[in-house]
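Structure first, commentary second.
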Amino acid sequence: MTSLACYLLVSALLFSIGLAGALTRRNAILVLVGIELMLNAANLNFIAFWRYGPNPEALTGIMFAIFAIGIAAAEAAVGLALIISIYRHYKTTNLDQIKSMRG
Amino acid sequence: MTLPFFILSVLTIVGAAAALTLRNLVHCVLALMLAFVGLAGLYLQLDAQFLGFAQILVYIGAVAILIVFAILLTRGVASPLESIVSPSWSISGIVSVVVFGVMAWAIRSSVAVRHSIPPQPEVTVKQIGHALMSGFALPLEVIGLLLTAALVGAVTIAMQDKREIK
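These protein sequence lines are chains W and L, in that order. Going by the numbering used here, the first residue of the first sequence is number 236, and it counts up by one from there. Going by the numbering used here, the first residue of the second sequence is number 2, and it counts up by one from there.
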């Protein structure tokens with residue numbers, strides 16, 4: 236059987252990839268994708284700890300992950316709306332060219 | 002480590018790495034979908050069936066499509082000619098590697114991961130529904146309010162300004 240450490244390592248690797256992407260990519264949409272990957276890594280941790288915890292019948296880990304998925308969906312909607320609004324103003328999604336909040 | 006876990010984790014990691022390294026944005030989203038499929042499979046491996054299917058519905062069905070729409074609306078389909086990473090990418094890379102190193106070290110040296118797996122819990126969708134309607138009723142209402150506010154806010158932000166149209 237797979238041990239808890241394997242799941243946690245996969246989750247840590249996923250988080251690091253998301254962090255690297257969010258910090259390095261120039262396109263605002265891909266920064267948002269990196270943040271989504273980090274949220275998913277956290278969800279995987281919740282589920283792994285729930286499954287390997289002493290009483291999985293309590294359902295707390297599943298509930299936490301469900302609410303995290305809902306919040307991630309809301310965050311994606313607002314973030315993409317902001318990116319579209321910024322694109323309309325600056326005609327670019329390149330983060331290095333967006334230098335001021337009030338054009 | 003079992004074979005299904007290995008395949009699913011490789012799928013997830015490769016998908017995530019491809020999503021953040023490819024040049025073409027549409028290819029990035031397709032790779033992201035692959036990573037989400039792998040994660041849903043990992044949830045199924047962990048006996049969280051409801052969450053696995055919720056992951057497929059919400060992420061592949063909604064979030065990925067939303068990102069595709071954002072890419073098409075911002076004309077990001079054409080691959081950019083200039084570099085796709087920001088000038089300070091080496092520092093960011095070092096930060097990510099250090100973060101992974103610290104987390105991996107903490108996981109390897111932790112005593113909490115030495116537990117053996119408890120027997121498979123009997124978690125049905127009915128139980129989840131009961132829990133959502135009894136103990137977790139208040140958080141459910143709050144997240145409903147949050148989603149409504151976020152969607153109304155997203156529409157308001159993305160709505161074309163009337164002065165711009167004229």
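Ideal Cβ placement from N, Cα and C applies to all residues, glycine included. Keep in mind the model is a prediction, meaning the values are calculated, not measured.
Along the alpha helix (DSSP H) that carries residue i, what are the first and last residues, could you check?
i: Ser97/L; result: Trp90 to Ser110
i: His28/L; result: Leu26 to Gln46
i: Gly305/W; result: Thr295 to Tyr325
i: Leu251/W; result: According to the sequence as given, residue 251/W is Ser; it is not Leu. Here the alpha helix (DSSP H) through Ser251/W covers Leu239 to Thr259.
i: His131/L; result: Val126 to Met134
i: Ala55/L; result: Gln50 to Gln56
i: Pro140/L; result: Ala138 to Ala159
DSSP on residue i, reduced to helix/strand/coil?
i: Val86/L; result: strand
i: Arg76/L; result: coil
i: Asn280/W; result: helix
i: Ile61/L; result: helix
i: Asn275/W; result: helix
i: Gly338/W; result: Residue confidence for Gly338/W is low, a pLDDT of 49 falling below 50, so the modelled location carries little weight; the figure read from the coordinates is stated next. It is coil, neither helix nor strand.
i: Leu23/L; result: coil
i: Ser117/L; result: coil
i: Thr169/L; result: Any question about residue 169/L goes unanswered here, given that chain L covers just 2 to 167.
i: Phe6/L; result: helix
i: Glu292/W; result: helix
i: Ala18/L; result: helix
Taking 8 Å as the CB-CB limit, is residue i close to chain B?
i: Ala277/W; result: No chain B is present in this structure, whose protein chains are W and L.
Using a cut-off of 7 Å between C-beta atoms, extract the partners of residue i located in chain L.
i: Ile319/W; result: Ala71, Leu74, Thr75 and Ala159
Along chain W, in chain order, which residues have C-beta atoms closer than 9 Å to that of residue i?
i: Val112/L; result: Going along chain W, no residue has its Cβ under 9 Å from Val112/L, so there is no contact; the nearest lies around 11 Å.
i: Val126/L; result: Chain W residues near Val126/L: none, gap ~11 Å exceeds 9 Å.
Name the chain W residues whose beta carbon is nearer than 8 Å to that of residue i?
i: Ala155/L; result: Ala312, Val313, Leu315 and Ala316
i: Ser10/L; result: Cys241 and Val245
Are there 16 or more other CB atoms within 10 angstroms of the CB of residue i, so buried, or fewer, so exposed?
i: Trp285/W; result: buried
i: Asn290/W; result: exposed
i: Glu271/W; result: buried
i: Gln161/L; result: exposed
i: Phe7/L; result: exposed
i: Ser84/L; result: exposed
i: Thr13/L; result: buried
i: Gly338/W; result: Low confidence applies here, because Gly338/W scores a pLDDT of 49, under 50, leaving its location unreliable; read the following figure in that light. Classification of Gly338/W: exposed, given that the 10 Å Cβ count is below 16.
i: Phe281/W; result: buried
i: Ser110/L; result: exposed
i: Ile66/L; result: exposed
i: Ser117/L; result: exposed
i: Leu4/L; result: exposed
i: Ser89/L; result: exposed
i: Gln121/L; result: exposed
Taking DSSP's pairing of strands, which residues face residue i in a bridge?
i: Asn329/W; result: Asn262/W
What does residue i reach in chain W if we use C-beta pairs closer than 7 Å?
i: Phe6/L; result: Thr237 and Cys241
i: Phe137/L; result: Met298
i: His116/L; result: Leu239 and Tyr287
Using a cut-off of 8 Å between C-beta atoms, extract the partners of residue i located in chain L.
i: Tyr325/W; result: Under the 8 Å cutoff, chain L gives no residues; its nearest Cβ is about 10 Å from Tyr325/W.
i: Asn280/W; result: Within 8 Å Cβ-Cβ: nothing; Asn280/W doesn't reach chain L, min ~10 Å.
i: Ile252/W; result: Ile14, Ala17, Ala18, Leu21 and Ser97
i: Ile264/W; result: Leu26, Ile68, Ala71, Ile72, Thr75 and Gly77
i: Ile306/W; result: Ile144 and Leu147
i: Ile270/W; result: Chain L residues near Ile270/W: none, gap ~11 Å exceeds 8 Å.
I want to verify the contact list: residues of chain L whose CB lies under 9 Å from the CB of residue i, in sequence order.
i: Ile333/W; result: Residues of chain L passing the Cβ test: none, with the nearest at roughly 12 Å.
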